[in-house]
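Q: Got a structure for you, written out below as structure tokens; questions coming shortly.
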Amino acid sequence: MTIPTGKPLLYVLALVLLLAGAGARATVTATVDRTDVALGDTLMLTLSATEDDEDLQSVDTGKLSADFEVLSRNMRSSMTIINGVQSHKRELTMEISPRHLGTLAIPAFRVGSSTTRPISIQVSKAPQADPGSETVLFSAAVDRKQVYVQGQVLLTLRVEQSINLDQPAISQLQIPDAFVVPLQQKSFQRRIKGRLWLVQEVRYAIFPEHSGTLQIPEQEFSAREGMGARSLFDPSPRGRLVHRSAGPLTVEVLPKPAAFKGGDWLPARNLDIEEEWSSDPDQLTVGESVTRTVTIRGEGLQGAQLPPVLYKPQDGVKFYPDQPEIKDNEVSTGLTGVRRDGVAIVPTRPGTLVLPAIQIPWWDSENNTRRMAKLPPRTIHVVPAAAGSGGATAAPAQTAPGQASAAPAASAPAAPLAANSNLLWQGIAAFCALGWLVTLVLLLRRPRREKPAAGRQGKDSKPRSAYRNLIAACTSGAAPQAREAIIAWADERAGETGITSLAQAGEWFGDTDLAAALDELETALYSGRGGSWDGAALRAAAERLHKDKPGSRAGSDDDSGFTLYPGS
């Protein structure tokens with residue numbers, strides 16, 4: 007294509023806009039806050055679009071109205087700039103209520119060129135209990151009466167109110183020999199015998215660490231009845247104190263079944279494993295690297311419970327593992343642990359390279375059976391590196407004597423094209439400079455945020471996560487995860503010191519019991535018996551240091567109590 011020299015910048019801008027328009031594909035998603043509701047309840051349906059030009063207000067809700075009543079609609083938009091890239095997000099939130107019982111479907115919505123996925127909603131009968139003259143109800147319930155050790159049980163504390171309440175609060179949940187993770191609070195409306203109630207749900211994911219009977223203590227709820235100001239001299243009158251209690255509850259904790267042999271103990275609702283490659287792995291060249299990322303997801307597990315993906319030494323290839331990414335995602339059924347292990351694979355000789363299958367045994371807690379998540383073996387064909395490829399771009403090849411005059415003659419007509427190319431790149435450079443200038447102006451005009459208190463910026467959540475991962479790894483006997491977690495915990499508590507090994511972690515804490523436990527951990531890791539490691543000693547030392555270490559945020563890692571209705 008020939009670009010006229012008189013208007014290079016105009017053509018460049020047109021080309022950039024054309025490519026941007028062709029590449030911008032708006033992503034529209036539909037989500038709900040709950041999938042199990044009772045007749046008369048409300049739930050929130052949110053449509054999200056990643057492009058500002060998507061008109062969510064014009065979404066056709068005719069099919070939705072067949073099974074759900076749309077009570078309200080709310081539109082909001084936001085803009086973010088990350089590394090100079092500006093992105094828009096628009097959200098349409100609808101409060102809806104089911105019209106009848108059964109399994110109802112929120113239909114797919116068509117927005118521009120995107121279509122959302124349908125969502126299944128299970129609608130049960132409305133609560134039959136008659137509250138009588140009560141205006142505030144408080145209850146506690148678990149999703150199961152039996153759970154396997156280190157498995158997940160969900161506790162739901164529900165506050166139902168038909169009046170306004172001030173200063174609502176729930177007692178702190180403390181369960182010995184169990185790991186408690188607070189989940190996101192939910193609220194909705196419920197109609198019982200013509201009376202409208204506001205329902206607040208506080209949920210916890212509980213992971214018992216020993217078999218036997220799990221005791222969930224009685225929980226307390228307190229608030230004051232909301233009262234309007236009676237006069238200018240009494241702007242904040244104190245209403246009647248409301249106090250309710252719920253529980254206690256018991257759950258039977260089953261031991262690890264004898265039918266489960268080999269591998270880490272993983273009681274889950276579901277566990278799957280998948281892989282991603284940075285480039286096509288079907289054919290590689292000697293000396294070139296490709297990154298393989300293996301992701302493990304366990305529903306009803308914490309990320310720290312998931313085992314690492316390890317690569318044994320193999321002839322003809324080198325492995326360079328990256329730091330794993332471990333996190334917990336909240337879903338309607340509780341927690342889903344996620345672990346991502348990346349490794350750079352560099353073949354050292356041509357031929358056929360076979361990566362062995364990855365197999366992870368796990369226990370299906372819903373059907374009480376052993377299952378296996380696996381990736382099949384991967385066969386990769388490695389071709390030799392091209393001759394002279396290492397220096398092909400460093401220096402041009404020498405021209406034979408008979409071709410000395412041919413090269414200049416062939417390149418002579420390219421002079422006008424070179425001039426056009428210079429103008430083209432000048433235009434592109436000018437456009438990029440303009441974009442950076444606009445970004446700089448937006449950043450300078452952005453209001454400055456208040457600087458957080460010293461020592462708290464970005465530091466509070468990491469020690470809490472590292473400590474939780476350490477306790478979970480010690481409980482499940484996962485030696486590799488425990489090594490990662492204790493190093494991360496010590497590094498975060500040490501601040502700027504920078505701890506990268508077990509020896510440095512033990513030296514920083516300066517505790518003899520912890521040092522002995524770390525020696526046992528290191529011996530288990532490097533003697534090949536990491537699968538039989540007992541983490542009780544390391545856990546006991548970590549819990550004691552967490553409570554007693556001067557300057558630590560004692561109790562914050564396990565803080566499972568909080569104020570109801572945050573931010574209200």
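Each residue of the sequence shown is one higher than the one before, counting from 7 in our numbering.
Beta carbons: idealized from backbone N, C-alpha and C, even for Gly.
Predicted model, so just to flag it, every value in this text is computed and none were measured.
(1) Thinking C-alpha only, which one of Ser71, Ser507, Gln510, Asp540 is nearest Ala523?
(2) So the alpha helix (DSSP H) Arg499 belongs to, where does it begin and stop?
(3) Per DSSP, what kind of secondary structure is Gln329 in: helix, strand or coil?
(4) Just how far apart, CA to CA, sit Asp42 and Val129?
(5) Would you mind reading off the limits of the beta strand (DSSP E) that contains Leu290?
(6) Taking the alpha carbon of Gly218 as the reference point, which residue from Arg246, Pro261, Val187 has its own alpha carbon closest?
(7) Which residues in the same chain have their Cβ closer than 7 Å to the Cβ of Glu526, if we skip the five residues on either side of it in sequence?
(8) Mapping DSSP to helix, strand and coil, what is His106?
(9) Leaving out five residues on either side along the sequence, give the residues of the same chain with a beta carbon under 7 Å from the beta carbon of Phe325.
(10) I believe His387 touches Asp288 by the beta-carbon criterion, under 8 Å. Please report the beta-carbon distance rounded to the nearest angstrom.
(11) Could you check the C-alpha separation between Ala510 and Glu490 for me, to the nearest Å?
(12) Give me the residue from Gly200, Glu549, Asp517 with the minimum Cα distance to Cys480.
(13) Does the beta-carbon of Gly68 have 16 or more other beta-carbons within 10 angstroms, so that it is buried, or is it exposed?
(14) Starting from Asp525 and walking both ways along the alpha helix (DSSP H), at which residues does that stretch end?
(15) List the residues that DSSP assigns as beta-bridge partners of Ser54.
(16) Could you name the residues of the same chain whose beta carbon sits closer than 7 Å to that of Ala400, not counting the 5 residues immediately before and after it, in chain order?
(17) I'd like the span of the alpha helix (DSSP H) that includes Leu508, first residue to last.
(18) Take Thr35 and list the residues in its own chain whose beta-carbon comes closer than 7 Å to its own, dropping the five residues that flank it on each side.
(19) Span of the beta strand (DSSP E) holding Asp42?
(20) By how many angstroms is the C-alpha of Ala274 removed from the C-alpha of Glu305?
(21) Drop a sphere of 10 angstroms on the beta-carbon of Ser411, count the other beta-carbons inside from all chains shown, and report buried for 16 or more, exposed for fewer.
(22) Evaluate the contact criterion for the region 151-165 versus the region 99-108: three or more CB pairs, one atom per stretch, below 8 Å.
(23) Taking the alpha-carbon of Arg355 as reference, which of Leu381, Leu290, Val344 has the nearest alpha-carbon?
(24) If you draw a straight line from the alpha carbon of Leu1 to that of Asn373, how long is it in whole angstroms?
(25) Hey, is the region 162-173 in contact with the region 139-151, meaning 3+ C-beta pairs nearer than 8 Å?
(26) Helix or strand or just coil, what does DSSP make of Phe227?
(27) Pull up the DSSP beta-bridge partners for Gln365, would you.
(28) Going by C-alpha to C-alpha distance, which of Leu110, Thr52, Ser84, Lys95 sits closest to Ala72?
(29) Does DSSP put Glu372 in a helix, in a strand, or in coil?
(30) Sorted by chain position, which residues of the same chain lie with C-beta nearer than 7 Å to Thr518's C-beta, five sequence neighbours on each side aside?
(31) Where does Tyr473 land, buried or exposed, given buried means 16+ other C-beta within 10 angstroms?
(32) Once DSSP output is grouped into helix, strand and coil, what is the label at Ser538?
(33) Can you give me the C-alpha to C-alpha distance between Ile181 and Ala484, rounded to a whole angstrom?
(34) Counting pairs of beta carbons, one from the region 296-314 and one from the region 331-348, are three or more of them closer than 8 Å?
(35) May I ask you to report which of helix, strand or coil DSSP gives Ser251?
(36) Go ahead and label Tyr532 buried or exposed: buried means 16 or more other beta carbons lie within 10 angstroms of its beta carbon, across all protein chains shown.
A: In short:
(1) Looking up residue 523 in the sequence shown gives position 517. Selected option, being the one with the closest Cα: Asp540.
(2) Within the sequence shown, residue 499 is the residue found at index 493, counting from 1. The continuous alpha helix (DSSP H) containing Arg499 extends over residues 485-500.
(3) By one-based count along the sequence shown, residue 329 stands at place 323. Under the three-state reduction of DSSP, Gln329 is assigned to coil, being neither helix nor strand.
(4) Here residue 42 refers to the residue found at position 36 when the sequence shown is read from its first residue. Here residue 129 refers to the residue found at position 123 when the sequence shown is read from its first residue. Approximately 6 Å between the Cα atoms of the pair.
(5) Residue 290 sits at position 284 when you count from the first residue of the sequence shown. Leu290 -> beta strand (DSSP E) spans 289-291.
(6) Residue 218 sits at position 212 when you count from the first residue of the sequence shown. Nearest C-alpha to Gly218: Pro261.
(7) On the sequence shown, residue 526 is found 520 positions in, with the first residue counted as 1. Within the same chain, Glu526 has close Cβ partners Ala543.
(8) Along the sequence shown, read from residue 1 onward, the residue named residue 106 stands at position 100. Secondary structure of His106 (DSSP, three-state): coil.
(9) As a working mapping, residue 325 is identified with position 319 in the sequence shown. Tyr317, Val349, Ile351, listed in sequence order.
(10) For the purposes of this step, residue 387 is identified with residue 381 of the sequence shown, where counting begins at 1. For the purposes of this step, residue 288 is identified with residue 282 of the sequence shown, where counting begins at 1. His387 to Asp288, Cβ: 7 Å. Contact.
(11) In the sequence shown, the residue the question calls residue 510 occupies position 504. In the sequence shown, the residue the question calls residue 490 occupies position 484. Looking at the sequence itself, residue 510 is Gln, so the reference to Ala does not match. The straight-line gap from Cα to Cα measures roughly 13 Å.
(12) Taking the first residue of the sequence shown as position 1, residue 480 is located at position 474. Out of Gly200, Glu549, Asp517, Glu549 has the C-alpha closest to the C-alpha of Cys480.
(13) The residue you call residue 68 lines up with position 62 of the sequence shown. Classification for Gly68: exposed.
(14) The count along the sequence shown starts at 1 and reaches residue 525 at position 519. Taken as a continuous stretch (DSSP letters only), the alpha helix (DSSP H) holding Asp525 covers 518-532.
(15) Taking the first residue of the sequence shown as position 1, residue 54 is located at position 48. For Ser54, DSSP records a beta bridge to Thr35, Glu97.
(16) On the sequence shown, residue 400 is found 394 positions in, with the first residue counted as 1. Its pLDDT being 36, under 50, Ala400 is placed unreliably in this model, and the coordinates cannot settle the point.
(17) In the sequence shown, residue 508 corresponds to position 502, counting from 1. Bounds of the alpha helix (DSSP H) holding Leu508 are 508-515.
(18) The residue labelled residue 35 in the question sits at position 29 within the sequence shown. Excluding five sequence positions before and after Thr35, the CB atoms of its chain that fall closer than 7 Å to its own CB belong to Ser54, Thr122, given in chain order.
(19) As a first step, residue 42 must be located in the sequence shown, where it is residue number 36. It spans 42-44 - the beta strand (DSSP E) in which Asp42 sits, taken as one unbroken run.
(20) On the sequence shown, position 299 is the one that residue 305 refers to. On the sequence shown, position 268 is the one that residue 274 refers to. CA-to-CA, the gap between Glu305 and Ala274 works out to about 6 Å.
(21) As a working note, residue 411 is residue 405 in the sequence shown. With a pLDDT of only 38 at Ser411, under the threshold of 50, the placement of this residue in the model should not be trusted; the figure read from the coordinates follows. Label assigned to Ser411: exposed.
(22) No contact exists between the region 151-165 and the region 99-108.
(23) Stepping through the sequence shown from its first residue, residue 355 is reached at position 349. A check of alpha carbon separations from Arg355 across Leu381, Leu290, Val344 identifies Leu290 as the nearest.
(24) The shown model of the chain, from 7 to 574, leaves out residue 1, and the question about it has no answer.
(25) Using a Cβ-Cβ distance cut-off of 8 Å, the region 162-173 and the region 139-151 are in contact, since at least three pairs of beta carbons, one from each stretch, lie closer than that value.
(26) In the sequence shown, residue 227 corresponds to position 221, counting from 1. Phe227 falls in the strand class under three-state DSSP.
(27) Numbered from 1 along the sequence shown, position 359 holds the residue referred to as residue 365. Lys380, per the DSSP bridge assignment.
(28) Here residue 72 is taken as the residue at index 66 of the sequence shown, counted from 1. Nearest C-alpha to Ala72 among Leu110, Thr52, Ser84, Lys95: Leu110.
(29) As a working mapping, residue 372 is identified with position 366 in the sequence shown. Under the three-state reduction of DSSP output, Glu372 falls in the coil class, being neither helix nor strand.
(30) Stepping through the sequence shown from its first residue, residue 518 is reached at position 512. Same-chain partners within the cutoff: there are none.
(31) Residue mapping note: residue 473 aligns to position 467 of the sequence shown, counting from 1. Only buried fits Tyr473, as 16 or more other CB atoms lie within 10 angstroms of its CB.
(32) In the sequence shown, the residue the question calls residue 538 occupies position 532. In the structure shown, the three-state DSSP call for Ser538 is helix.
(33) In the sequence shown, residue 181 corresponds to position 175, counting from 1. In the sequence shown, residue 484 corresponds to position 478, counting from 1. So the two alpha carbons sit approximately 23 Å from each other.
(34) The region 296-314 and the region 331-348 touch, with no fewer than 3 CB-CB distances between them shorter than 8 Å.
(35) Numbered from 1 along the sequence shown, position 245 holds the residue referred to as residue 251. For Ser251, the three-state secondary structure derived from DSSP is strand.
(36) By 1-based counting over the sequence shown, the position of residue 532 is 526. Taking all protein chains in view, the Cβ of Tyr532 is surrounded by fewer than 16 other Cβ atoms within 10 Å, so the residue is classified as exposed.
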